[in-house]
Amino acid sequence: GTITEIYDFLRLLYARTAEAFSYATGKKMIRQSDDQIINYILKHFDGKKLVVLAPVVKGRKGHYREDFQKIAKLGFTKVRVDGELLDITPKMQVDRYKIHDIEIVIDRLVVKEDDRFRLSGSVQNALTHGKGTMLVLDPDAKKAAPQFFSRFLMDPETGIAYDDPAPNTFSFNSPYGACPHCAGLGEVQQITEETVIPDPKLSISRGGIAPLGEYRDIWIFQQLQLILKKHKVSLNTAIEKLPAELLQRLMHGITQDEADDAKGAYTEPFEGIIPFLRRQMESDSDNIREWIQQYTQAQTCPVCEGYRLKKESLHFKLASKHIGELSVMDINELSSWFVDVEGRLSERQNLIARELLKEIRKRIGFLLEVGLDYLSLHRSVRTLSGGESQRIRLATQIGTQLVGVLYIMDEPSIGLHQRDNERLIKALQHLRDIGNSVIVVEHDKDMILHADHVLDIGPGAGIHGGHIVAEGTPEAIFNS
Ligand SMILES: [Zn+2]
């Protein structure tokens, strides 16, 4: 429908014109041509010693034995491993269970304008081995931060790189766009205190911690009893009467360190009810997972904050808004955001965006026409009422400008305010005027009064009706 079409155009708009910002530093991401990189180095490192590096492993685990030998076979003798410059030795390897950064030392040189040839060879070599990214380092500076360069979008400070954006970068249905934490749903099922303790008036032994049920002679009740006893309360104390701090610990756990602390209030380590239940969610048993399900609640995903996209996608911005921020606006807000957006875009952005902006505005206009100004792009189709989804389809139809079509609608005015009802009637009349037929099943008086021809079916409902009791223009029927 029109709503998804607008979002599709927005995805195109973002892929083509949005600017990327680093999720780590907030800085604008840049991409550079080989010449720009060379000129930058000549300007900023003139006369200095420099190590040119090509990253081959970035934050991954492994021993990399074969990789070191491959690098040696290419004719390189040095690497930088986790920040340390090392000679490549036979059978060299690193701790396979640790995360490593490995770079090839491509060249060590003194930057000089009249030796541009050597520098440019090294830069190109580094970019080739580094698959488009490279870094340089002043070997004499103690703890010097390397500077990153990239042919792709990259944060020059941290070296974080993004893939070039494509429309699916902004799709929560695509693995290229979806938030990995909630799989693009915007919500996660979480065990919460409210679901675990539905009635705090109950004591623990009376089943106050719902997933545990009533008291039984099993280890978890024994363990709870032990902790409670130290605080001069018991399994028979109503949960709401337990000290708040103690209840927090029962829910979220007591660490070994806290239990060992002689001055602390706890003597036993305890996993905590919620971490215990959370662990059961990973269980291999369907029964256990189903049992846990009933104590979970849908909560806004803490990673994407409900925007459903991965963090990289939410750091592409257009006129300082990311696509998620636009998708939660209602159509009215979205419409006014787009009214003067050209003024907030660069010349280049405007050039690319022109046609897309036209398409987006046109469709926003259709939705306004049929009284759906309160919807947002974010609202998923399954939460729409019957009347709303009919009106969205209607907006789509108005967009296509088809003629010779018969439209049949069942109470499309349901839930509409007076003002919007008038717009809906106008939209239907527009469909008629351009050469279509529109049949509407309605109780709404205004809608009936605007019909060209009315069939009044009745006299009662269900089996008491079904007969045409009046027929003609609205005036004729009211006068009869
Ligand atoms: Zn998420």
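Residues in the sequence shown are numbered consecutively from 1335, following our numbering. Cβ atoms here follow ideal geometry from the backbone N, Cα and C, with glycine treated the same way. All of these numbers come straight from a predicted model, not from anything done at the bench.
Query, Result
"D1282 to G1542 span [Cα, whole Å]", "Any question about residue 1282 goes unanswered here, given that the chain covers just 1335 to 1814."
"Candidates G1699, Y1629, D1368 and S1661, of which the one nearest T1526 by Cα", "Y1629"
"Cβ-heavy atom distance, R1642 to ligand 1, below 8 Å", "yes"
"Beta-carbon separation (whole angstroms), L1387 vs V1470, contact threshold 8 Å", "7 Å"
"By C-beta, the residues closer than 5 Å to any heavy atom of ligand 1, given in chain order", "C1513, H1515, C1516, C1635, V1637 and C1638"
"Beta-carbon separation (whole angstroms), Y1496 vs E1646, contact threshold 8 Å", "5 Å"
"Beta-carbon spacing of Q1631, I1622 below 9 Å", "no"
"Alpha carbon of F1650 to alpha carbon of F1355, nearest angstrom", "6 Å"
"C-alpha gap between D1448 and V1457, whole angstroms", "16 Å"
"Span separating the alpha-carbon of Q1524 from that of Q1633", "7 Å"
"Residue closest to S1539, alpha-carbon to alpha-carbon, out of I1531, R1550, Y1510 and L1668", "R1550"
"Inter-residue Cα distance where the pair is G1658 and H1378", "38 Å"
"Alpha-carbon spacing of I1607 relative to G1587, whole angstroms", "7 Å"
"Per-residue burial, V1774 [other beta carbons within 10 Å of its own, 16 or more giving buried]", "buried"
"Residue of C1635, E1693, G1705 and S1654 minimising C-alpha distance to D1664", "G1705"
"Q1285, DSSP secondary structure in three states", "Any property of residue 1285 remains undetermined from this structure, which presents the chain solely from 1335 to 1814."
"Burial state of R1430 (16 or more Cβ within 10 Å)", "exposed"
"Buried/exposed call for E1689, threshold 16 Cβ in 10 Å", "exposed"
"Y1341 versus N1666: straight-line alpha-carbon distance, rounded", "15 Å"
"Cβ-based neighbour list, P1609, same chain, cut-off 6 Å, excluding 5 preceding and 5 following", "G1587"
"P1609: first and last residue of the uninterrupted alpha helix (DSSP H) it sits in", "I1607 to Q1614"
"Sequence-distant residues of the same chain with beta carbon closer than 8 Å to T1462, five excluded per side", "A1388"
"9 Å Cβ cutoff met for R1766 and D1780", "no"
"Residue nearest to M1488 in terms of C-alpha spacing, selected from E1579, T1467, L1420 and K1383", "T1467"
"Residues that DSSP places opposite A1512 in a beta bridge", "L1643"
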